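In terms of full-length UniProt numbering, the sequence shown opens at residue 1 and continues consecutively. Idealized CB from N, CA, C, for every residue including glycine. Please read these numbers as outputs of a predicted model, since none were measured by experiment. All remarks here apply to the structure that follows.
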Amino acid sequence: TYSAVFGATRPGQLRRDFATYIERERAHPYRPFLHYNSWYDIGYFTPYTEAQALKPHQHLRPRAGREARREDGIRSCSTTAGT
Numbered sequence: 001t002y003s004a005v006f007g008a009t010r011p012g013q014l015r016r017d018f019a020t021y022i023e024r025e026r027a028h029p030y031r032p033f034l035h036y037n038s039w040y041d042i043g044y045f046t047p048y049t050e051a052q053a054l055k056p057h058q059h060l061r062p063r064a065g066r067e068a069r070r071e072d073g074i075r076s077c078s079t080t081a082g083t
């Protein structure tokens, strides 16, 4: 299936009106979201341990002494399974 949208904009306001439409149709409010690919650091075909996989995330923790949470935009592979 395909979907399409059409509409009208104010003269000279195509970009602004389109951005307003996108914001209104967004599933949730815009917020920064961290996306990390480990193969840049470890390598795609290189076997690695859990400790090696977790090491780069140590500096990403938003507050010292606290585990990263889903609300922070940091999810491990184990928490995303089945979601």
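C-alpha distance - residue i paired with residue j, whole-angstrom precision
i, j, result
"residue 42", "residue 35", "16 Å"
"residue 4", "residue 30", "23 Å"
"residue 28", "residue 50", "32 Å"
"residue 6", "residue 39", "40 Å"
"residue 12", "residue 18", "12 Å"
Close Cβ partners of residue i (< 7 Å) along its chain, the five nearest in sequence each way excluded
i, result
"residue 55", "none"
"residue 46", "none"
Closest Cα partner of residue i within the set the options
i, options, result
"residue 9", "20, 1 and 52", "20"
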